[in-house]
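K.L.:
Chains as they are written, first to last, in the numbering used here: chain H, 45 to 245; chain D, 45 to 245.
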C-alpha cells in the first residue's frame with residue numbers, strides 16, 4: 045500500500061537514521077504524525093539549527109557550535125595530555141568511561157589512501173602544529189585497533205618523533221567481564237603476548 | 045560530559061522518536077553531524093512538510109496530505125466492505141498482509157471515558173453517517189483485542205444495529221491483549237479470513 049506520497053517520503057527520510065529499517069521508519073512516521081507533533085516540531089527545529097551551526101572546534105576539531113569546545117576552554121583539564129581519537133563518538137566514550145582529564149584531538153576518520161583521504165584531510169598538519177606549541181608531554185594514540193587505525197597511529201608517531209613528546213597506544217587485551225571462549229583469536233593472541241606479572245592483590 | 049548545548053538539545057530532541065533511548069540518541073546525533081548532513085537536511089525538510097500538510101482523509105480519516113486518500117479514491121476497492129481500525133498503523137498492517145480489498149475507517153484511538161475520549165472524538169458520528177449512505181454490506185470491527193478495543197467495538201455495534209449491515213469481528217488466533225500493529229502478516233490474514241459474526245453480548 046502507498047499511504048500517500050508525502051508519508052512515503054517521510055518514511056524514506058527517517059531511514060537515514062542509523063539502525064532504522066523500513067518497519068521502524070514506518071512506526072516512527074506514524075508515531076510522529078499520530079501522537080507527538082509537538083515533539084516532532086522541536087526535532088525539526090533543533091536538527092535544522094544543529095546542521096546549520098555545528099562545526100569543528102578550532103582547537104581540537106570535535107563537533108561543537110562554539111568557536112572553542114567546552115573541554116578545550118576548560119581550565120580544569122590536564123594540558124600535558126592529548127588523546128587522539130578518530131571520532132567525536134570515541135571521545136564521548138572516553139568521557140563517559142571517566143578517569144581521563146586531559147585534552148583530545150579528533151581526526152574525523154583515518155588515513156585511507158585508496159579513498160583519497162590523506163594527512164591534511166584528518167587534520168594532521170593541525171595536530172603537528174598543536175604539539176609544536178609545546179606544553180604537551182604525552183600523546184595517546186587512541187585510534188581504532190583496525191588496519192586503518194593502526195596505520196594512522198603509525199603515521200602520526202613518525203610525524204611527531206623528535207618533538208619531545210611521549211607517544212602511547214591503548215592497551216589491547218580481554219574486554220573486562222568478557223569470556224575467553226567468545227573472544228576473537230586476534231584479541232586473544234595480543235592479550236596472551238601482552239601478559240603481565242600477576243600480583244594477586 | 046556535555047558536548048555543547050546545541051548537541052545536547054539535539055540528542056534530547058531525537059529521544060521523542062519511539063524506541064530511541066539516550067544511547068541511541070547519542071549515536072544518531074553523532075551520525076547526523078558526522079556523516080550524513082545531506083540526508084539530515086532532507087529529513088528536516090520532509091518532516092517539517094509532513095507536520096504541516098498531513099491531516100485526515102475526509103472520508104476515512106486516515107493520515108494523508110490529500111483531501112481524499114488513495115484507497116478511498118480508488119475505483120478498484122470493494123465498496124461493500126468497511127473495516128474499522130484504531131490507527132493508520134493498523135490499516136497499514138492489513139494492507140501489508142494483503143488479501144483485503146474493501147475500505148477502511150480510522151478511529152485514531154478508542155473510547156476512553158476516563159480520558160474524556162467520547163464517540164465524537166473517534167469519529168463515530170461520521171462512521172454512522174457513512175454507513176447510512178448505503179452501499180456497505182459488512183462492517184468489520186477490527187479494533188484491538190484489548191479491553192478498550194472490545195468496548196469500542198460493542199459501542200459501534202450498538203450504534204449500527206438496525207442499519208441493515210452485517211457486523212463482524214476478527215477471529216481470535218491473535219493473542220489477547222496484543223496489539224494489532226505488531227502481529228505478523230500470516231496470523232493477521234488468518235484472523236481476517238476467519239472473521240465471525242459480531243454478537244455484541
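In this text, a Cβ means the ideal position worked out from N, Cα and C, and glycines have one as well. Note that the structure is predicted; figures quoted are calculated from it, not measured.
So if I threshold CB-CB distances at 9 Å, which residues from the region 50–75 of chain D count as touching chain H?
P.N.:
Residues 50, 51, 53, 54, 56, 57, 58, 59, 60, 61, 62, 63, 64, 68, 70, 71, 72, 73, 74, 75.
K.L.:
Kindly give me the distance between the Cβ atoms of residue 17 of chain H and residue 125 of chain H, rounded to whole angstroms, as I take these residues to be in contact under 8 Å.
P.N.:
This structure does not reach residue 17 of chain H, given that chain H is present from 45 up to 245, and the question cannot be answered.
K.L.:
Entirely within the region 167–225 of chain D and at least 3 residues each: give me those beta strand (DSSP E) ranges in chain order.
P.N.:
As far as the region 167–225 of chain D is concerned, its whole beta strand (DSSP E) runs of at least 3 residues are 182–185, 210–213.
K.L.:
Between the beta-carbon of residue 75 of chain D and the beta-carbon of residue 132 of chain H, is there less than 8 Å?
P.N.:
The residue you call residue 75 of chain D lines up with position 31 of the second chain. The residue you call residue 132 of chain H lines up with position 88 of the first chain. No, they are not a contact pair.
K.L.:
Rounding to the nearest angstrom, what Cα-Cα distance links residue 179 of chain H and residue 106 of chain H in this structure?
P.N.:
Reading the first chain from its first residue, position 135 is the one you call residue 179 of chain H. Reading the first chain from its first residue, position 62 is the one you call residue 106 of chain H. So the two alpha carbons sit approximately 20 Å from each other.
K.L.:
Chain D partners of residue 93 of chain H, CB-CB under 9 Å?
P.N.:
To locate residue 93 of chain H, count along the first chain from 1; it is residue 49. Within chain D, the residues near residue 93 of chain H are 50, 53, 54.
K.L.:
Tell me whether the beta-carbon of residue 205 of chain D lies closer than 8 Å to the beta-carbon of residue 183 of chain D.
P.N.:
Position 161 of the second chain, counted from the first residue, corresponds to residue 205 of chain D. Position 139 of the second chain, counted from the first residue, corresponds to residue 183 of chain D. Not a contact, by the Cβ cut-off of 8 Å.
K.L.:
Inspect the beta-carbon positions of residue 211 of chain H and residue 85 of chain D and report whether they are closer than 8 Å.
P.N.:
Counted from its first residue, the first chain places residue 211 of chain H at position 167. Counted from its first residue, the second chain places residue 85 of chain D at position 41. In this structure, residue 85 of chain D does not lie closer than 8 Å to residue 211 of chain H by Cβ.
K.L.:
Just list the residues that DSSP pairs residue 127 of chain H with in beta bridges.
P.N.:
As a working note, residue 127 of chain H is residue 83 in the first chain. The partner list for residue 127 of chain H (beta bridge, DSSP) reads H:148, H:184.
K.L.:
Quick one: is residue 149 of chain H buried, meaning 16 or more other Cβ sit within 10 Å of its Cβ, or exposed?
P.N.:
One-based indexing of the first chain puts residue 149 of chain H at position 105. Under this definition residue 149 of chain H is a buried residue.
K.L.:
Does the separation of the CB atoms of residue 156 of chain H and residue 114 of chain D fall below 8 Å?
P.N.:
Position 112 of the first chain, counted from the start, is the residue given in the question as residue 156 of chain H. Position 70 of the second chain, counted from the start, is the residue given in the question as residue 114 of chain D. It is not a contact, given that the beta carbons lie outside the stated cut-off.
K.L.:
What three-state label does DSSP hand residue 112 of chain D in the structure shown?
P.N.:
Within the second chain, the letter at position 68 stands for residue 112 of chain D. If DSSP states are grouped into helix, strand and coil, residue 112 of chain D belongs with coil.
K.L.:
Go ahead and pull the three-state DSSP assignment for residue 228 of chain H.
P.N.:
Here residue 228 of chain H corresponds to residue number 184 of the first chain, with the count starting at 1. Coil, per DSSP.
K.L.:
Taking the Cβ atom as the reference point for each residue, do residue 203 of chain D and residue 151 of chain D lie within a distance shorter than 8 Å?
P.N.:
Start at 1 with the first residue of the second chain, and residue 203 of chain D comes out as number 159. Start at 1 with the first residue of the second chain, and residue 151 of chain D comes out as number 107. Result no, Cβ atoms of residue 203 of chain D and residue 151 of chain D do not sit closer than 8 Å.
K.L.:
Is the distance from the Cβ of residue 64 of chain D to the Cβ of residue 83 of chain H below 8 Å?
P.N.:
Residue 64 of chain D sits at position 20 when you count from the first residue of the second chain. Residue 83 of chain H sits at position 39 when you count from the first residue of the first chain. Result no, Cβ atoms of residue 64 of chain D and residue 83 of chain H do not sit closer than 8 Å.
K.L.:
For residue 236 of chain H, count neighbouring Cβ atoms within 10 angstroms of its own Cβ and tell me buried if that reaches 16, exposed if not.
P.N.:
Taking the first chain and counting its residues from 1, the one referred to as residue 236 of chain H is at position 192. Residue 236 of chain H should be labelled exposed.
K.L.:
Which residues, in order along the region 105–118 of chain H, keep a beta-carbon less than 9 Å from a beta-carbon of chain D?
P.N.:
For the region 105–118 of chain H, which is checked against every Cβ of chain D, the residues closer than 9 Å are 106, 107, 108, 109, 110, 113, 114, 115.
K.L.:
Residue 236 of chain D touches chain H at which residues, Cβ-Cβ below 7 Å?
P.N.:
As a working note, residue 236 of chain D is residue 192 in the second chain. Per Cβ cutoff of 7 Å: no residues; residue 236 of chain D is ~15 Å from chain H at best.
K.L.:
Name the chain H residues that come within less than 8 Å of residue 123 of chain D, Cβ to Cβ?
P.N.:
By 1-based counting over the second chain, the position of residue 123 of chain D is 79. Those within 8 Å of residue 123 of chain D in chain H number zero; the least Cβ separation is about 18 Å.
K.L.:
What residues match up with residue 99 of chain H in a beta bridge as DSSP calls it?
P.N.:
Along the first chain, one-based indexing puts residue 99 of chain H at 55. BP columns for residue 99 of chain H point to H:108.
K.L.:
Taking 8 Å as the threshold (C-beta atoms), are residue 227 of chain D and residue 187 of chain D in contact?
P.N.:
Taking the second chain and counting its residues from 1, one reaches residue 187 of chain D at position 143. Taking the second chain and counting its residues from 1, one reaches residue 227 of chain D at position 183. Not closer than 8 Å, so no.
K.L.:
Take residue 81 of chain H and list the residues in its own chain whose beta-carbon comes closer than 7 Å to its own, dropping the five residues that flank it on each side.
P.N.:
Within the first chain, residue 81 of chain H is the residue found at index 37, counting from 1. Once the five neighbours on either side are set aside, residue 81 of chain H has no close Cβ partner at all.
K.L.:
Under 8 Å between beta-carbons, which chain D residues line up against residue 160 of chain H? List them in chain order, please.
P.N.:
Counting from one through the first chain, the residue named residue 160 of chain H turns up at place 116. Result: empty, since nearest Cβ-Cβ is about 17 Å, beyond 8 Å.
K.L.:
Take residue 73 of chain H and list the residues in its own chain whose beta-carbon comes closer than 7 Å to its own, dropping the five residues that flank it on each side.
P.N.:
For this step, residue 73 of chain H is matched to residue 29 along the first chain. Answer for residue 73 of chain H: 51, 54, 55, 58, listed in chain order.
K.L.:
Report the option in H:104, H:77, H:100, H:217 whose CA atom is closest to the CA atom of residue 97 of chain D.
P.N.:
As a first step, residue 97 of chain D is located in the second chain; it is residue number 53 there, counting from the start. It is H:77 whose Cα lies nearest to the Cα of residue 97 of chain D.
K.L.:
I'd like to know if residue 141 of chain D contacts chain A, where contact means its C-beta is closer than 8 Å to some C-beta of that chain.
P.N.:
No chain A is part of this structure, whose protein chains are labelled H and D.
K.L.:
Measure from the C-beta of residue 145 of chain D to each C-beta in chain H and report whether the shortest distance is under 8 Å.
P.N.:
The residue labelled residue 145 of chain D in the question sits at position 101 within the second chain. Not one chain H Cβ lies under 8 Å of residue 145 of chain D.
K.L.:
Report the option in H:195, H:142, H:141 whose CA atom is closest to the CA atom of residue 163 of chain H.
P.N.:
The sequence position of residue 163 of chain H within the first chain is 119, counting from 1. Here the closest residue by C-alpha is H:195.
K.L.:
For residue 232 of chain D and residue 117 of chain H, I'd like the C-alpha separation in whole angstroms.
P.N.:
Here residue 232 of chain D is taken as the residue at index 188 of the second chain, counted from 1. Here residue 117 of chain H is taken as the residue at index 73 of the first chain, counted from 1. Computed Cα separation, rounded: 58 Å.
K.L.:
State the Cα-Cα distance for the pair residue 102 of chain D and residue 109 of chain H, rounded to the nearest angstrom.
P.N.:
If you number the second chain from 1, residue 102 of chain D lands on position 58. If you number the first chain from 1, residue 109 of chain H lands on position 65. So the two alpha carbons sit approximately 44 Å from each other.
K.L.:
Which of helix, strand or coil does DSSP assign to residue 118 of chain D?
P.N.:
Working through the second chain from its first residue, we reach residue 118 of chain D at position 74. Of the three classes helix, strand and coil, the one that applies to residue 118 of chain D here is coil, per DSSP.
K.L.:
Just to confirm, is the Cβ distance from residue 140 of chain D to residue 229 of chain D under 8 Å?
P.N.:
In the second chain, counting from the first residue as 1, residue 140 of chain D sits at position 96. In the second chain, counting from the first residue as 1, residue 229 of chain D sits at position 185. Their beta carbons are under 8 Å apart, which means residue 140 of chain D touches residue 229 of chain D by this criterion.
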